[in-house]
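Residue numbers (our numbering): 1126 to 1269. Please read the structure below before turning to the comments.
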Ligand SMILES: CC(C)(COP(=O)(O)OP(=O)(O)OC[C@H]1O[C@@H](n2cnc3c(N)ncnc32)[C@H](O)[C@@H]1OP(=O)(O)O)[C@@H](O)C(=O)NCCC(=O)NCCS
């Protein structure tokens, strides 16, 4: 699914270095299937660190090209955000298109530095608890 939905070379992106040798968060790795069991979309999350803070790195999220624009991506994101909140995570970070993610409440993070090469305009955050990003600053590093 991911190879189909993303350009070749996706694994050279900085987000992938934060995932190397780190298990994803199993409760937040979800797939969407239709009534016949065919895969329509997938989402995964990894834990990361920003100084002494912890965050969830959202992604990759992808919806099969034949099913895009039908709300599946939004359903996967909303479902897992609620699950993350129930699991008492405080904050989510991702690298993505602000015009898409702002509908869920994501906003640009100005004080957070992703490993290069990352366009800072694409570094977005979501607060699972009120004020969860207040005062959080620094480099995003791999969860050890
Ligand atoms: C991005 C993606 C996960 C969205 O899933 P989806 O099920 O197609 O999206 P939804 O049906 O929930 O939402 C569709 C809406 O999002 C908009 N949208 C989709 N991708 C967008 C983007 N990159 N930027 C801005 N808007 C976007 C669509 O135009 C549509 O808008 P509308 O509601 O005004 O018609 C899916 O298109 C995909 O897999 N894309 C390729 C992989 C990818 O880019 N993943 C995200 C990496 S950051």
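The C-beta atom is built at its ideal place from N, Cα and C for all residues, glycine as well.
Between residue 1264 and residue 1248, the C-beta gap is not smaller than 8 Å, which leaves the two residues out of contact. The C-alpha of residue 1253 is placed about 7 Å away from the C-alpha of residue 1214.
Annotation for residue 1198: the continuous alpha helix (DSSP H) segment containing it runs 1197-1211. With a 10 Å radius around the Cβ and a threshold of 16 neighbouring Cβ atoms, residue 1163 comes out exposed. Distance check between residue 1224 and each of 1126, 1233, 1160 and 1191 places 1233 closest, using alpha-carbon atoms only. Between the C-alpha atoms of residue 1169 and residue 1185 there is a straight-line separation of about 6 Å.
With contacts defined as CB atoms closer than 8 Å, residue 1197 and residue 1143 fail to qualify as a contacting pair. Looking at the DSSP output, residue 1193 shares a beta bridge with no other residue.
Nearest neighbour of residue 1269 by Cα position, chosen from 1156, 1260, 1146 and 1200, turns out to be 1146. Collapsing the DSSP output to three states places residue 1136 in a helix. Residue 1171 is bridged by DSSP to 1182. In the three-state reduction of the DSSP assignment, residue 1264 falls in the strand class.
In this structure, the straight-line span from the alpha carbon of residue 1221 to that of residue 1246 is close to 9 Å. Cα atoms of residue 1141 and residue 1155: separation of roughly 18 Å, rounded to the nearest angstrom. Sorting 1134, 1267 and 1126 by C-alpha distance to the C-alpha of residue 1189 places 1126 at the top.
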